[in-house]
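Number of protein chains: 2
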Amino acid sequence: MSDSEEAAQPPAARPTGPRSTTARPGKRERLIRSATEIAHSHGVQGTTLALVAKAADVPLGNVYYYFKTRDDLLRAVVDEHARRVDDLLASLDRRSTPRSRLKGLARNWAEAADLVAAHGCPIGGLSADLGKLDGGLRACAARLLRTLIDWAAGQLTELGVPDAPAEAVSLLARVQGAALLTNAFDDPKLLTEEITRIERAIDQLADAAQAAP
Amino acid sequence: MSDSEEAAQPPAARPTGPRSTTARPGKRERLIRSATEIAHSHGVQGTTLALVAKAADVPLGNVYYYFKTRDDLLRAVVDEHARRVDDLLASLDRRSTPRSRLKGLARNWAEAADLVAAHGCPIGGLSADLGKLDGGLRACAARLLRTLIDWAAGQLTELGVPDAPAEAVSLLARVQGAALLTNAFDDPKLLTEEITRIERAIDQLADAAQAAP
DNA sequence: GTCTATACCCAGATAGAC
DNA sequence: GTCTATCTGGGTATAGAC
Chain A
28 MSDSEEAAQP
38 PAARPTGPRS
48 TTARPGKRER
58 LIRSATEIAH
68 SHGVQGTTLA
78 LVAKAADVPL
88 GNVYYYFKTR
98 DDLLRAVVDE
108 HARRVDDLLA
118 SLDRRSTPRS
128 RLKGLARNWA
138 EAADLVAAHG
148 CPIGGLSADL
158 GKLDGGLRAC
168 AARLLRTLID
178 WAAGQLTELG
188 VPDAPAEAVS
198 LLARVQGAAL
208 LTNAFDDPKL
218 LTEEITRIER
228 AIDQLADAAQ
238 AAP
Chain B
28 MSDSEEAAQP
38 PAARPTGPRS
48 TTARPGKRER
58 LIRSATEIAH
68 SHGVQGTTLA
78 LVAKAADVPL
88 GNVYYYFKTR
98 DDLLRAVVDE
108 HARRVDDLLA
118 SLDRRSTPRS
128 RLKGLARNWA
138 EAADLVAAHG
148 CPIGGLSADL
158 GKLDGGLRAC
168 AARLLRTLID
178 WAAGQLTELG
188 VPDAPAEAVS
198 LLARVQGAAL
208 LTNAFDDPKL
218 LTEEITRIER
228 AIDQLADAAQ
238 AAP
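So the sequence lines, in the order shown, correspond to chains A and B.
Take 28 as the starting number for the first sequence in the working numbering and just add one per residue.
Take 28 as the starting number for the second sequence in the working numbering and just add one per residue.
This is the structure in structure tokens:
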């Protein structure tokens with residue numbers, strides 16, 4: 028490296044695996060994935076570097092080559108979720124109608140009912156956990172929920188639903204609350220049934236908007 | 028004490044303050060109250076004995092005279108919430124109609140909007156936090172939510188609402204989800220507006236049941 | 001770049017004087 | 001009953017050999 032201001036600069040978020048097609052992802056990526064999983068199952072405060080390093084099969088001391096501090100790793104976890112949300116919304120955007128897109132979003136939680144029953148909603152749980160921290164991480168997770176609400180509000184607007192932003196908040200609230208109860212009672216069926224009801228509510232909103240334009 | 032099997036037996040949950048009318052509550056009670064507050068603001072994992080002892084103005088070592096382990100103290104926190112829930116529901120039961128009782132329950136969250144924005148719903152947060160623990164505490168918090176749902180289902184049944192249990196779950200889910208978003212965005216208004224919408228939903232359920240008995 | 005060993009701190013819990 | 005001092009374990013973070 029001729030252009031040197033830092034002797035050893037971490038890879039800094041390469042697109043995907045840096046190696047050949049079949050090799051497992053690089054260490055940085057493995058660490059992020061493990062941390063994301065453990066933050067979901069054990070909560071943010073239970074996400075210790077020892078657990079993450081072990082799950083990623085990376086020696087503990089080596090973690091600090093990729094992340095200066097534990098908070099940096101947690102920030103990367105939020106970014107990872109942001110990527111996943113963007114991917115999901117992009118795939119939903121390919122559907123033909125706003126109604127189908129909104130239902131697809133709701134269905135997405137129902138499909139993960141078992142995971143949600145076991146550990147809660149990854150995004151909702153992360154938000155709640157980060158909200159109880161002291162540092163700059165506090166506000167960092169609300170952006171995931173914000174993205175989802177804004178997207179839903181856009182779909183509702185396209186449907187001609189009046190008061191779309193408030194309806195979007197209600198929709199997300201119903202999903203998040205259902206996820207919380209599902210986790211509390213460890214009962215996937217609660218989530219699938221509640222999502223069905225939410226899909227009905229989406230239909231009613233769409234039908235009402237179509238009837239009175 | 029003539030009836031001695033234990034040399035020093037902790038007070039074991041006396042009804043209220045053991046002293047004269049104006050003295051502050053006993054140490055055990057102060058510890059429970061401080062722990063309840065800190066569990067709300069810092070989360071269960073952030074509820075350290077040092078913090079609790081300091082807030083209750085009790086020396087750290089003395090905590091163990093009242094609670095054998097930290098888990099015991101956390102169990103006492105859940106019990107404290109259970110008491111508060113029972114009190115709330117008992118006071119609501121004095122209202123004349125199920126509709127008014129249900130709205131009163133919803134209003135209860137709206138009145139605490141600032142606290143919810145700052146730290147989330149005490150019960151929902153506790154449930155989520157305990158769900159991520161290993162030990163026997165895991166299932167212990169779901170009972171608070173269970174109590175609320177069962178009570179709401181009873182009120183809806185009395186109203187003649189069909190599928191009352193599922194409607195009760197939906198109602199609680201909406202409240203809990205609204206609380207989660209309110210906390211994530213640190214915005215009390217979000218909760219008050221969402222509760223208003225939930226009250227409207229209660230009216231609609233009641234009106235519909237009355238129209239078609 | 002990678003990994004071992006370890007410093008350092010703060011948590012829960014205990015001992016024992018008072 | 002009350003409180004100080006302390007033990008022990010596990011957490012983040014660093015030093016430094018390779």
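A virtual CB, placed ideally from N, CA and C, is assigned to each residue, including glycine.
In this text the structure is predicted, and so the values were computed from the model without any measurement.
In the same chain as B:L171, and ignoring 5 residues on each side of it, the C-beta atoms closer than 8 Å to its own belong to V105, H108, A109, V112, I150, L153, S154, in chain order.
Of the candidates B:E185, B:R165, B:I65, B:E185 places its Cα closest to the Cα of B:R128.
For B:S68, the closest of A:L157, A:L58, A:D114 by C-alpha to C-alpha distance is A:L157.
Contact check between the segment 209-216 of chain A and the segment 205-223 of chain B: fewer than three CB pairs, one atom from each, fall below 8 Å, which does not count as touching. For the pair A:R224 and A:G162, the Cα-to-Cα distance works out to about 38 Å. DSSP, read as helix, strand or coil, puts B:S154 in helix. The way I'd put it, the segment 82-98 of chain A doesn't touch the segment 180-200 of chain B; fewer than three beta-carbon pairs between them come closer than 8 Å. For a Cβ distance threshold of 7 Å, residue set R201, G204, A205, L208, E221 of chain B lies close to A:A200, ordered along the chain. At least one C-beta of chain A is nearer than 7 Å to the C-beta of B:S154.
Among the residues of the segment 61-91 of chain A, those with a Cβ less than 8 Å away from any Cβ of chain B are S68, H69, G70, Q72, G73, in the order of the chain.
Our two residues, A:L164 and A:R97, have alpha carbons roughly 11 Å apart in a direct line.
The continuous stretches of alpha helix (DSSP H) do not include A:P189, and DSSP gives it neither H nor E.
Within the same chain, and ignoring the five residues on either side of A:Q72 in sequence, no residue has its Cβ closer than 6 Å to its Cβ.
Using beta-carbon distances, B:F212 counts as an interface residue toward chain A, with a partner under 7 Å. Boundaries for A:Q72: no alpha helix (DSSP H) harbours it, and the DSSP string shows neither H nor E there.
A residue is called buried once 16 or more other Cβ atoms fall within 10 Å of its Cβ, and B:A133 is buried on that count. Taking a beta-carbon distance threshold of 7 Å, B:G163 does not count as an interface residue toward chain A. In terms of CA proximity to A:E220, B:D190 leads the group B:L217, B:D190, B:V202. Within the model, the alpha-carbon separation for A:R121 versus A:E226 is close to 19 Å. In the displayed model, B:F94 falls within coil according to three-state DSSP, outside both helix and strand.
When rounded, the separation of the alpha-carbon atoms in A:S61 and B:D230 is 47 Å. B:L100 has a beta carbon lying at 7 Å or more from every beta carbon in chain A. At a cut-off of 7 Å between beta carbons, B:A109 makes no contact with chain A. Contact between A:R201 and B:R201 holds, with the beta-carbon distance rounding to 6 Å and staying under 8 Å. Taken in chain order, the members of the segment 176-191 of chain A whose beta-carbon sits within less than 9 Å of a beta-carbon on chain B are I176. In this structure, the alpha-carbon of B:A66 lies about 44 Å from that of A:A50. In the three-state reduction of the DSSP assignment, B:T63 falls in the helix class.
Around the beta carbon of B:S197, 16 or more other beta carbons lie within 10 angstroms, which makes this residue buried. Assignment of B:V202 by DSSP, reduced to helix, strand and coil, places it in the helix class. Residue burial is scored here from C-beta neighbours: A:L87 has fewer than 16 other C-beta atoms within 10 angstroms and is therefore classed as exposed. Look at A:G131: its C-beta is not under 7 Å from any C-beta on chain B. Close to B:V196, with beta-carbon spacing below 7 Å, are these residues of chain A in chain order: L208, L217, E221.
Rounded to the nearest angstrom, the gap between the Cα atoms of B:A228 and B:K159 is 32 Å.
Under the three-state reduction of DSSP, B:S123 is assigned to coil, being neither helix nor strand. Residue environment for B:T124: exposed (fewer than 16 other C-beta atoms within 10 angstroms of its C-beta). The C-beta of B:L58 comes no closer than 7 Å to any C-beta of chain A.
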